[in-house]
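**Student:**
Residue numbers (the UniProt record's numbering): 1 to 303.
(1) Select from 220, 252, 251, 248 the residue whose C-alpha is nearest the C-alpha of residue 238.
(2) Taking residue 229 as part of the alpha helix (DSSP H), name the residues at either end of that continuous run.
(3) Quick one: what's got a C-beta closer than 6 Å to residue 243's C-beta in the same chain, skipping five residues either side?
(4) Would you say the stretch 226-240 touches the stretch 191-205, given that touching needs at least three Cβ pairs under 8 Å?
(5) Shortest alpha-carbon distance to residue 233 belongs to which of 285, 171, 139, 148?
(6) Classify residue 19 as buried or exposed, calling it buried when 16 or more other Cβ atoms lie within 10 Å of its own Cβ.
(7) Among 46, 94, 128, 55, which residue has its Cα nearest to the Cα of residue 225?
(8) Tell me the DSSP secondary structure of residue 256 in three-state form.
(9) Assuming residue 11 and residue 24 are in contact, meaning their beta carbons sit under 8 Å apart, how far apart are those beta carbons, in whole angstroms?
(10) Please report the residue range of the beta strand (DSSP E) in which residue 159 lies.
(11) If I follow the unbroken beta strand (DSSP E) through residue 209, where does it start and stop?
(12) Between which two residues does the alpha helix (DSSP H) containing residue 218 stretch?
(13) Touching or not, the stretch 175-191 and the stretch 206-218, by the rule of three or more beta carbon pairs under 8 Å?
(14) From the DSSP output, in three-state form, read off residue 50 for me.
(15) When burial is assigned at 16 or more other CB atoms within 10 Å of the CB, is residue 56 buried or exposed?
(16) Residue range of the alpha helix (DSSP H) that residue 90 falls in?
(17) Consult DSSP for residue 302 and reduce its assignment to one of helix, strand or coil.
(18) For residue 156, which residues in the same chain have their Cβ closer than 7 Å to its Cβ, ignoring the five residues on either side in sequence?
(19) Along the chain, where does the beta strand (DSSP E) containing residue 119 start, and where does it finish?
(20) Hey, which unbroken runs of the alpha helix (DSSP H) at 4 residues or more fall wholly within the stretch 19-51?
(21) When you compare the CB of residue 194 with every CB in chain D, is at least one pair closer than 7 Å?
(22) Helix or strand or just coil, what does DSSP make of residue 264?
(23) Pick from 284, 140, 296, 211: whose alpha carbon is nearest that of residue 89?
(24) Let me know the secondary structure DSSP gives residue 149 once reduced to three states.
(25) How is the beta strand (DSSP E) around residue 239 delimited, first residue to last?
(26) Is the stretch 45-56 touching the stretch 248-260, taking contact as three or more C-beta pairs under 8 Å?
(27) Pick helix, strand or coil for residue 78, following the three-state DSSP scheme.
Next up, the structure:
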């Protein structure tokens, strides 16, 4: 068995079509078909179920694909590390994160990492925690920051920090005129609320109101903080978001009140996949973050 057999097999498994796989590999289809047949003969098993219009992996093919991915990842990683010995750490680091304090933290980590490894490049993507989880699981990014609850199945999780939930409201709002810097769930009950779009967020917020015997009025589920900010500014509702939303406030446009409840905290963690081979860049970045957290112990750091 040669490395090209594994590459050919993976291309066919990914494309589920010999013609497209051959085009992807820049070879003719008949030689590709023969190479797959040779591989099946060597393994003494069928890797694909063939029909006139489609192909699919057999159970043996699914298992072989797992090992093929690991082998090709290892080959790519070894080539990358040999190159780095000669030229220094380099490559593209694919990162995903939620909003909140994550952009600030990633900016600090990347800045200090860049001082050590100036040839590394970065690709940053933002979304909610469910979307970020999906990107890491699919291998579209290597390192990500999400908020709790964390799905630890298939992921390594490094707790980073936490911050309080707050209510963002216009200065003329009745709650803004109350004394003190916090509001209770009971005080929020009469008002329309704007909350994050993630379903687990709604469940979390609903829990704060259990003691009141009533459910909150959810006027909107908003994916991005900046949209919630503008809606609150125009009086559509009270935005309920982690405290870092206050960084969006311009010229004291809105009032910020902490949510007075023992569970009203958003916890953040760095995650990466257990099922995908990390690049050397990603491994070094994770070590760098771990060291920064140990050295600096940022405000609100989790134990």
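Virtual Cβ for every residue (Gly too), placed ideally from N, Cα, C.
This one's a predicted model, so the numbers in the text were calculated from it and none came from an experiment.
**Tutor:** The answer reads as follows:
(1) The residue you call residue 238 lines up with position 238 of the chain shown. The residue among 220, 252, 251, 248 with its C-alpha nearest the C-alpha of residue 238 is 220.
(2) Residue 229 sits at position 229 when you count from the first residue of the chain shown. Per DSSP, residue 229 belongs to the alpha helix (DSSP H) from 225-233.
(3) Mapped onto the chain shown, residue 243 falls at position 243. If we look at residue 243 and ignore the five residues flanking it on each side, its Cβ neighbours are 163, 164, 166.
(4) Here the stretch 226-240 makes contact with the stretch 191-205; the two share three or more CB pairs at distances below 8 Å.
(5) Within the chain shown, numbered from 1, the residue matching residue 233 stands at position 233. Its Cα nearest to that of residue 233, the residue 171 stands out among 285, 171, 139, 148.
(6) Numbered from 1 along the chain shown, position 19 holds the residue referred to as residue 19. An exposed status is given to residue 19, since fewer than 16 other beta-carbon atoms sit within 10 Å of its beta-carbon.
(7) Within the chain shown, the letter at position 225 stands for residue 225. Nearest C-alpha to residue 225: 128.
(8) On the chain shown, residue 256 is found 256 positions in, with the first residue counted as 1. Looking at residue 256 - three-state DSSP - the assignment turns out to be strand.
(9) On the chain shown, residue 11 is found 11 positions in, with the first residue counted as 1. On the chain shown, residue 24 is found 24 positions in, with the first residue counted as 1. Right, the Cβ-Cβ distance comes to about 5 Å (below 8 Å), so this counts as a contact.
(10) Translated into the one-based positions of the chain shown, residue 159 becomes position 159. Residue 159 -> beta strand (DSSP E) spans 155-170.
(11) For the purposes of this step, residue 209 is taken as the residue at position 209 of the chain shown. Bounds of any beta strand (DSSP E) do not take in residue 209, whose DSSP letter is neither H nor E.
(12) By one-based count along the chain shown, residue 218 stands at place 218. That residue, residue 218, is in no alpha helix (DSSP H); its beta strand (DSSP E) goes 217-222.
(13) Inter-segment contact for the stretch 175-191 and the stretch 206-218 is present: three or more beta-carbon pairs are separated by less than 8 Å.
(14) For the purposes of this step, residue 50 is taken as the residue at position 50 of the chain shown. Of the three classes helix, strand and coil, the one that applies to residue 50 here is strand, per DSSP.
(15) Translated into positions along the chain shown, residue 56 becomes position 56. Under this definition residue 56 is an exposed residue.
(16) By 1-based counting over the chain shown, the position of residue 90 is 90. Where residue 90 is concerned, there is no enclosing alpha helix (DSSP H), although the beta strand (DSSP E) it sits in stretches over 90-97.
(17) Locating residue 302 in the chain shown gives position 302, where the first residue counts as 1. Annotation note: pLDDT 43 at residue 302 (below 50); position unreliable, coordinate value reported separately. Coil at residue 302, not helix or strand.
(18) Taking the first residue of the chain shown as position 1, residue 156 is located at position 156. The residues 271, 272, 274, in chain order, have a CB closer than 7 Å to that of residue 156 in the same chain once the five nearest residues on each side in sequence are set aside.
(19) Your numbering for residue 119 matches position 119 in the chain shown. Its beta strand (DSSP E) spans residues 119-126.
(20) Within the stretch 19-51, complete alpha helix (DSSP H) segments of at least 4 residues are found at 29-43, given in chain order.
(21) Checking the listed chains, one finds no chain D in this structure; it contains a single protein chain.
(22) Stepping through the chain shown from its first residue, residue 264 is reached at position 264. DSSP, reduced to helix, strand and coil, places residue 264 outside both helices and strands of the structure shown, so it counts as coil.
(23) The residue you call residue 89 lines up with position 89 of the chain shown. With distances taken between Cα atoms, residue 89 lies closest to 284.
(24) Position 149 of the chain shown, counting from 1, holds the residue named residue 149. Three-state DSSP puts residue 149 in coil, outside helix and strand.
(25) For the purposes of this step, residue 239 is taken as the residue at position 239 of the chain shown. First-last of the beta strand (DSSP E) with residue 239: 238-242.
(26) Touching, no.
(27) On the chain shown, residue 78 is found 78 positions in, with the first residue counted as 1. Residue 78: helix per DSSP, three-state reduction.
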